[in-house]
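Asker: Residue numbers (our numbering), protein chains in the order written: chain C, 2 to 312; chain D, 1052 to 1444.
A single structure is presented below for examination.
If you want it as structure tokens, here you go:
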């Protein structure tokens, strides 16, 4: 949670008595304090209020929604009927499966390939090192347009295959550079000693480098997973079959394109209000990110800043 | 290959049989000549040069990297400090696992990055997707038409609209978005309680991980025609204004969305830079009588300058890219006139119409201008004495 702490070198006068303020620093003015507090509170609320409203509305009953005239801010009861409706095996359920599959498979593929390549590129002086590094970094400067990419992906027969959501974006060179920088910070003596003991490169990577790199793997894994969970435009390009839609695609068609989420499935007599169903879709789309992210966030500095600063 | 290297190449195989730390024929030479920088400790095979020996003289039975695993990497001679690499074959034998590791990722980039980059040549073709069974065949069968697509493109008012919108949005965001993460970072940095700071950071980073679909959804729910704001305004008897589908204020809307999504995330790099500023600078300037604002101006901002310049370069180099999905999602609501940017122009003039050559031409234009912009921005930064982008790795 305290993300800049490791980087904040403790100022010499910190923690004198109860105050953390350095002795030389003047007391902040009342106006300044109020202004800063106001801004920060505003920023935090701007993030949390929409999440709150969406969550509360998804759990509201028809009466509450009607009474509020739409979105609900104050919870009155907890009604899971909207969730029951979307999990009862319609398009949303299917899309959630697809997205979960894409996210898990994609993250696994991406992490394995990225870690391997980052390790392979982490040793200046190895065969072809400069050329290969250039080959990877050049992708920052030169990128193919949408049209040729589309032609290549469809030409490979990936249209309407969920691999079309994984393979084209499987390698993020940015993530690779971050991982590589992290690997290069591992003391060379450690690797040398393993080498003398007869370990090959693959064993060194698996037994020594990876256990030391949990932080960066967690962060880069989060980046990849979020990318796969959020995939929308590639699905628009490559997936026409709506039984293979990822969740973002479904969310977009329900809420932004205004299609009604008709779950021609096992719906009971009383259909939960459309608004609650929509908000429930939003909640299930947000929740994996909100649930996983805080656990990875504490690694951000260790994992990413080192890479960014060194990279 | 010089005779020297040949000798080594030949020697490599023989010397492999030596156990690590085997006594080489020159082990009796004074140890002071071992160059510690070229011979990793523990490898057991120091590299020596014999004093007084002629420069090009061949060293008899020179120790070479061998032994199990990777031996010392480089041969060097003390006098000239020049490092010679072992021959390619020996390095290949040593490094092939690394190459195997890089291969899959490299292959993916080849197929999904470099191959499409080459595929941009369809911009010079009258590409007909039905001219063959596969895109490759269609590509081979399609006639070349030179720069016709570009001529059409530059004569297309819709293209100029898209370009103008893109540049306007970039400029607007440069003024109204770019400084915000810096200000927020300074505010966050000044929060003294680590716990409070951590909480605020956790919250403000969060929206960065939301998809654009979600971000736009939240904005629709808050500010749309049926959104919370309209609802509240109706309750108090005001006429609700619908920001989400008003083309005139669209530029403000997309900037607000960008701010909401990324202002927190944008602080990370500035926070890292702030934490590297020596606290003694603040103390010294405070002792010298500099107030809060003077310290901000004379200590904090100069400390942030390299990062600001770097990000500014990156942003300028990316001037033609403005959150593509964001515009795709909202183009229908506000109309083409306001929401068409270069990327959406490409999409709606190629993928949806099947006129791939034309879309590729527009995409190629964007890519080439983007490349020129980033190179120019980088050179400009170097000219100003900043580090620029390419000092990496």
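Glycine is no exception: its CB is placed at the ideal position from the N, C-alpha and C atoms.
Expressed to the nearest angstrom, what Euclidean distance is found between the alpha-carbon atoms of residue 24/C and residue 1432/D?
Answerer: Approximately 39 Å, taken between the alpha carbons.
Asker: Count the other C-beta atoms from every protein chain shown that fall within 10 angstroms of the C-beta of residue 1164/D, then say buried if there are 16 or more, exposed otherwise.
Answerer: By the neighbour-count rule (16 or more Cβ atoms within 10 Å), residue 1164/D is buried.
Asker: Return the residues of the segment 217-242 of chain C that lie within a Cβ-Cβ distance of less than 7 Å from chain D, sorted by chain order.
Answerer: Listed in sequence order: 227, 231, 233, 234 and 238.
Asker: Please list the partners that residue 1294/D has in chain C, where partner means a Cβ-to-Cβ separation under 8 Å.
Answerer: The premise fails here: residue 1294/D is roughly 15 Å from chain C at the closest Cβ pair, so nothing lies under 8 Å.
Asker: What is the rounded straight-line gap between the Cα of residue 1399/D and the Cα of residue 249/C?
Answerer: Roughly 21 Å between the two C-alpha positions.
Asker: Can you list, in chain order, the residues of its chain with a C-beta nearer than 6 Å to that of residue 1375/D? Leave out the 5 residues immediately preceding and following it.
Answerer: If we look at residue 1375/D and ignore the five residues flanking it on each side, its Cβ neighbours are 1394.
Asker: Could you run through the segment 1272-1304 of chain D and flag, in chain order, every residue whose CB is less than 9 Å away from some CB of chain C?
Answerer: Listed by position, the residues of the segment 1272-1304 of chain D near chain C (Cβ gap below 9 Å) are 1272, 1273, 1277, 1278, 1279, 1281, 1282, 1285 and 1286.
Asker: Under 9 Å between C-beta atoms, does residue 1332/D make it to chain C?
Answerer: Not closer than 9 Å to any Cβ of chain C, the Cβ of residue 1332/D fails to qualify, so no.
Asker: Quick check on residue 318/C: does DSSP put it in helix, strand or coil?
Answerer: Absent from the structure is residue 318/C, since the part of chain C shown begins at 2 and ends at 312.
Asker: If we define contact as Cβ-Cβ less than 9 Å, is residue 183/C a contact residue for chain D?
Answerer: No, residue 183/C does not count as interfacial toward chain D.
Asker: Starting from the Cα of residue 186/C, find the closest Cα among 216/C, 203/C and 170/C and give me that residue.
Answerer: Nearest option by C-alpha distance: 216/C.
Asker: Using Cβ-Cβ distances below 9 Å, what residues of the segment 1137-1152 of chain D are close to chain C?
Answerer: Cβ contacts with chain C: 1139, 1142, 1143, 1145, 1146, 1147, 1148, 1149, 1150, 1151 and 1152.
Asker: Examine the Cβ distances between the segment 1325-1332 of chain D and the segment 1346-1354 of chain D and report whether three or more of them are shorter than 8 Å.
Answerer: They touch, by the three-pair rule.
Asker: Could you check if residue 1311/D is buried or exposed, using at least 16 other CB atoms within 10 Å of its CB as the buried criterion?
Answerer: Flag for residue 1311/D reads buried.
Asker: Give me the residue from 283/C, 234/C and 159/C with the minimum Cα distance to residue 60/C.
Answerer: When each option's Cα is compared against that of residue 60/C, the closest is 283/C.
Asker: In whole angstroms, give me the CA-to-CA distance for residue 1284/D and residue 1291/D.
Answerer: When rounded, the distance between both Cα atoms is 6 Å.
Asker: For the segment 71-98 of chain C, which residues have a CB atom closer than 9 Å to at least one CB atom of chain D, in sequence order?
Answerer: So the list reads 71, 72 and 74, given in the order they occur along the chain.
Asker: Go through its chain and collect everything with a Cβ distance to residue 1267/D's Cβ below 8 Å, but skip five positions before and after it.
Answerer: Same-chain partners within the cutoff: 1308, 1377, 1380 and 1381.
Asker: Starting from residue 141/C, trace the alpha helix (DSSP H) in both directions and tell me its first and last residue.
Answerer: Residue 141/C -> alpha helix (DSSP H) spans 130-142.
Asker: Count the other CB atoms, across all protein chains shown, that sit within 10 Å of the CB of residue 72/C; report buried if there are 16 or more and exposed otherwise.
Answerer: Buried, by the Cβ-count rule.
Asker: Could you tell me the distance, in whole angstroms, from the CA atom of residue 1410/D to the CA atom of residue 1190/D?
Answerer: One C-alpha to the other measures close to 15 Å.
Asker: Suppose you measure from the CA of residue 1202/D to the CA of residue 1367/D; what does that come to, to the nearest Å?
Answerer: Their backbone Cα atoms lie some 26 Å apart in a straight line.
Asker: What residues of chain D sit near residue 68/C, judged by a beta carbon separation below 9 Å?
Answerer: The contacting residues do not exist; residue 68/C stays about 12 Å from chain D at best.
Asker: Could you list which residues in chain C have their beta carbon closer than 9 Å to that of residue 1171/D, in chain order?
Answerer: Here the neighbours are 145, 146, 148 and 149.
Asker: Cα separation between residue 1301/D and residue 1277/D?
Answerer: If you take the alpha carbons of residue 1301/D and residue 1277/D, they lie about 18 Å apart.
Asker: Check whether the segment 199-212 of chain C and the segment 154-168 of chain C touch, using three or more Cβ-Cβ pairs below 8 Å as the test.
Answerer: Flag = no, the segment 199-212 of chain C and the segment 154-168 of chain C do not touch.
Asker: In chain order, what are the residue ranges of uninterrupted alpha helix (DSSP H) at least 4 long that sit wholly in the segment 1324-1389 of chain D?
Answerer: Correct list: 1330-1338, 1343-1346, 1352-1368 and 1375-1385.
Asker: Kindly identify the DSSP beta-bridge partner or partners of residue 1259/D.
Answerer: Paired residue(s): none; residue 1259/D is not in a bridge.
Asker: Taking Cβ-Cβ distances shorter than 8 Å, what residues in chain D pair up with residue 287/C?
Answerer: Under the 8 Å cutoff, chain D gives 1261 and 1265.
Asker: Report buried or exposed for residue 1114/D, applying the criterion of at least 16 other Cβ atoms within 10 angstroms of its Cβ.
Answerer: With a pLDDT of only 41 at residue 1114/D, under the threshold of 50, the placement of this residue in the model should not be trusted, and no figure is reported.
Asker: Is the CB of residue 27/C under 9 Å away from at least one CB in chain D?
Answerer: Taking Cβ atoms only, chain D reaches closer than 9 Å to residue 27/C, which makes this a yes.
Asker: Using CA atoms only, rank isn't needed, just tell me which of 1434/D, 1407/D and 1420/D is closest to residue 1176/D.
Answerer: Considering only alpha carbons, the answer is 1407/D.
Asker: Who are the near neighbours of residue 227/C in its chain, counting only those whose CB is closer than 7 Å to its CB and skipping five residues on each side?
Answerer: Counting only Cβ-Cβ distances below 7 Å, and skipping sequence neighbours, we find 290.
Asker: How many whole angstroms separate the CB atoms of residue 1397/D and residue 146/C, which I take to be in contact at a CB cut-off of 8 Å?
Answerer: At roughly 7 Å, the Cβ-Cβ gap stays under 8 Å, so residue 1397/D and residue 146/C are in contact.
Asker: By the 10 Å Cβ neighbour count, where 16 or more other Cβ atoms means buried, how is residue 1271/D classified, buried or exposed?
Answerer: When all chains shown are included, residue 1271/D counts as buried.
Asker: May I have the straight-line CA-CA distance separating residue 1429/D from residue 1364/D, to the nearest angstrom?
Answerer: C-alpha separation (whole angstroms): 6 Å.
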